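Number of protein chains: 2
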Amino acid sequence: MENYVFGRNNVIELLQNSNRTVSKIIIADGSQNNSKVNLIIQLAKQNGILFQILPKEKFTKFNSYSHQGVIAYVSPVKFVDLYEFLNIDKNNKKVIILDGIEDPHNVGSIIRSAVCAGFDAVIFPSRRNAVINSTVEKSSAGAVNRLDLIMVNSLAATIDKLKDNNFWIIATDIHSKDNYYDIDYCNMNFAIIMGSENSGVSATLLKKSDFRIKIPMLADFNSLNVANAAAVVIFESVKQTLQNRKDVV
Amino acid sequence: MENYVFGRNNVIELLQNSNRTVSKIIIADGSQNNSKVNLIIQLAKQNGILFQILPKEKFTKFNSYSHQGVIAYVSPVKFVDLYEFLNIDKNNKKVIILDGIEDPHNVGSIIRSAVCAGFDAVIFPSRRNAVINSTVEKSSAGAVNRLDLIMVNSLAATIDKLKDNNFWIIATDIHSKDNYYDIDYCNMNFAIIMGSENSGVSATLLKKSDFRIKIPMLADFNSLNVANAAAVVIFESVKQTLQNRKDVV
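Sequences listed follow chains A and B, in order. The end of the first sequence is residue 249 by the numbering used here, with every number in the run present. The end of the second sequence is residue 498 by the numbering used here, with every number in the run present.
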């Protein structure tokens, strides 16, 4: 399958910060004077990447994506092997595990939050989860190139392997007693499991977790969108990390 | 314009918790045995609402929405007048102000987070902001019916009015010094301004704000998705409220 990256900021991010192969960039005629498009043309020239100025009509079939007149043809997102990731010598690794998230916008948006928060990897199962496609890439604002994406056959086996490698496993679960801010995210390797939009984290994975946390609500309403819930938990860990650093100083 | 509510959970939420007029519900033939669809049929009967079982083909034109074979025809979302809202006798009112959020998924998702967090209202401008449509309603998981939606002509004038009525104004701004967790959200009326996806909160509104806050990042990456950023700030206020209550006890 051919892969695309849509939109000016995403293509700039791709050209500046990813190691993926760009085979071609197409640019809508008339947009060359825009400063971002200009930067894209410069970067393409510097990197010896083919670019074509095409009439706007050529972009019609991509109009369901917000391409802003810029589309890059790229090699697929690179996946990292779980063992390779575990072998990287680093303290306090931080990981998100996606347990059956179906909406690619949610997947992309969670990857974006994870990158902003300095997380190291996102792990997702090869089945029953959105695949990493152009929509995920666009929703991630290009963040898919900034951390390790790890696709696994069994999340249960992966969690066992993470535990063997000194990871603490934190599952989000609306039925849990503990709140997300009651646990300490500092000075440890941890993985946060986010569950599917409809049924949450699966029972098998909940059982394997060291902590179960919920986000307490102030109204009797169903629940947060999963990407928003992920952001809340992820940034609690960032806050603790920053406050912890201050304590040391 | 005819308004629609798509999807099983959303229609249940509509029938159970909103005061909007439902003129008709259409249900795809073959789904009657599903427990949620069954509940919808029961609720429709109880409330004397017309429902029709139609062949699946009739739903084709709505297939870009995830309707799950259930669509309700409804009166438009009800807006509340700003003065009416200000006259409600209540302490510690909590409001979100949307300053030019363009993506209806983001608008819906922010409304959902606000409802979960017990916020009272979402204020948005009549221009340069996504309108409240079916996509917003769907992304909000029906939350649009659970708080006051206030549409205003001028956000600047609205903020002046809020300040006259004892509201503290908090603007999110990636250039600010203070972090979102450095301010105290308890025991006051406050409004949090979320800025547009591309340019953030406008300069005029920043100037009028009492506090400017940022969400600190741990990586050199652009920024969070605006709905995720809203969730992080909104739930910091929830956490403080809950911890404050505990302190009192």
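All C-beta atoms, glycine included, are put in the ideal place defined by N, C-alpha and C. On a predicted model such as this, the values are computed, not experimentally measured, just so you know.
Query                                                                                                                                                                                                  : Result
Which two residues bound the contiguous beta strand (DSSP E) that contains residue 460 of chain B?                                                                                                     : 460-462
For residue 326 of chain B versus residue 404 of chain B, is the C-beta distance shorter than 8 Å?                                                                                                     : no
Does any residue of chain A have a CB that is nearer than 8 Å to the CB of residue 443 of chain B?                                                                                                     : no
Hey, does residue 39 of chain A have any beta-carbon neighbour from chain B nearer than 8 Å?                                                                                                           : no
Looking at the structure shown, is residue 498 of chain B part of a helix, part of a strand, or coil, going by DSSP?                                                                                   : Per-residue confidence for residue 498 of chain B stands at a pLDDT of 49, beneath the threshold of 50, marking its modelled position as unreliable; the derived number appears in the next sentence. Three-state DSSP puts residue 498 of chain B in coil, outside helix and strand.
Compare the C-alpha of residue 283 of chain B against each of B/363, B/462, B/359 and B/318 and name the closest.                                                                                      : B/318
Near residue 100 of chain A, what residues of its chain come up, given a Cβ to Cβ distance below 8 Å and the 5 sequence neighbours on each side ignored?                                               : 125, 128, 129, 195, 196, 199 and 202
Strictly below 7 Å CB to CB, what residues from chain B border residue 109 of chain A?                                                                                                                 : 474 and 477
Give every residue of the same chain whose Cβ lies closer than 6 Å to the Cβ of residue 75 of chain A, excluding the five residues on either side of it in the sequence, and list them in chain order. : 20 and 21
For the beta strand (DSSP E) that residue 277 of chain B lies in, which residues bound it at each end?                                                                                                 : 271-277
Taking Cβ positions, are residue 111 of chain A and residue 193 of chain A nearer each other than 8 Å?                                                                                                 : no
Please classify residue 13 of chain A as buried or exposed, where buried requires at least 16 neighbouring CB atoms within 10 angstroms.                                                               : buried
Use the C-beta contact count for residue 181 of chain A: other C-beta atoms within 10 angstroms, 16 or more gives buried, fewer gives exposed.                                                         : buried
Taking 8 Å as the threshold (beta carbon to beta carbon), is residue 434 of chain B in contact with chain A?                                                                                           : no
Using a 10 Å radius around the Cβ and a threshold of 16 neighbouring Cβ atoms, would you call residue 469 of chain B buried or exposed?                                                                : exposed
8 Å is my cut-off, CB to CB: does residue 65 of chain A come that close to chain B?                                                                                                                    : no
Less than 8 Å between the beta carbons of residue 6 of chain A and residue 73 of chain A, yes or no?                                                                                                   : no
Report the rounded CA-to-CA distance for residue 330 of chain B versus residue 400 of chain B, giving the unit in angstroms.                                                                           : 8 Å
Against chain B, with Cβ distances strictly below 8 Å, would residue 219 of chain A count as a contact?                                                                                                : yes
Against chain A, does residue 263 of chain B count as a neighbour if the rule is that its beta carbon must be under 8 Å from one of theirs?                                                            : no
Cβ closer than 7 Å: which chain A residues qualify as neighbours of residue 464 of chain B?                                                                                                            : 235
May I have the straight-line CA-CA distance separating residue 364 of chain B from residue 114 of chain A, to the nearest angstrom?                                                                    : 25 Å
Below 8 Å CB to CB, which residues in the same chain sit around residue 250 of chain B once its five sequence neighbours on both sides are set aside?                                                  : Its pLDDT being 41, under 50, residue 250 of chain B is placed unreliably by the model, and nothing is read from it.
Would you identify the three-state DSSP class for residue 132 of chain A, choosing helix, strand or coil?                                                                                              : coil
Just tell me which of A/137, A/36, A/57 and A/161 has its CA closest to the CA of residue 105 of chain A.                                                                                              : A/137
Tell me, which residues are paired with residue 149 of chain A by DSSP?                                                                                                                                : A/79 and A/122
Which two residues bound the contiguous alpha helix (DSSP H) that contains residue 46 of chain A?                                                                                                      : 35-46
Report the residue from A/54, A/18, A/11 and A/24 whose alpha carbon sits nearest the alpha carbon of residue 39 of chain A.                                                                           : A/11
Looking only at its chain, what residues have a beta carbon closer than 8 Å to the beta carbon of residue 311 of chain B, apart from the 5 residues adjacent to it on each side?                       : 253, 255 and 320
Am I right that residue 212 of chain A and residue 205 of chain A are in contact with their C-beta atoms under 8 Å? What's the rounded C-beta distance?                                                : 10 Å between Cβ atoms; not a contact.
Please report the distance separating the alpha-carbon of residue 31 of chain A from that of residue 55 of chain A.                                                                                    : 10 Å
Give me the chain C residues within the contact set of residue 364 of chain B, using Cβ-Cβ distance strictly less than 8 Å, ordered along the chain.                                                   : Among the chains of the structure shown, chain C does not appear; the protein chains present are A and B.
Considering only residues of the same chain and omitting the five flanking positions on each side of residue 166 of chain A, which have a CB-CB separation below 6 Å?                                  : 189
Tell me which residue opens and which closes the beta strand (DSSP E) that residue 9 of chain A is part of.                                                                                            : Segment 8-17 is the alpha helix (DSSP H) holding residue 9 of chain A; no beta strand (DSSP E) there.
Report the residue ranges of all alpha helix (DSSP H) runs contained in full by the segment 311-364 of chain B; include only those spanning at least 4 residues, in chain order.                       : 331-336
On the DSSP bridge list, what partners appear for residue 179 of chain A?                                                                                                                              : A/214
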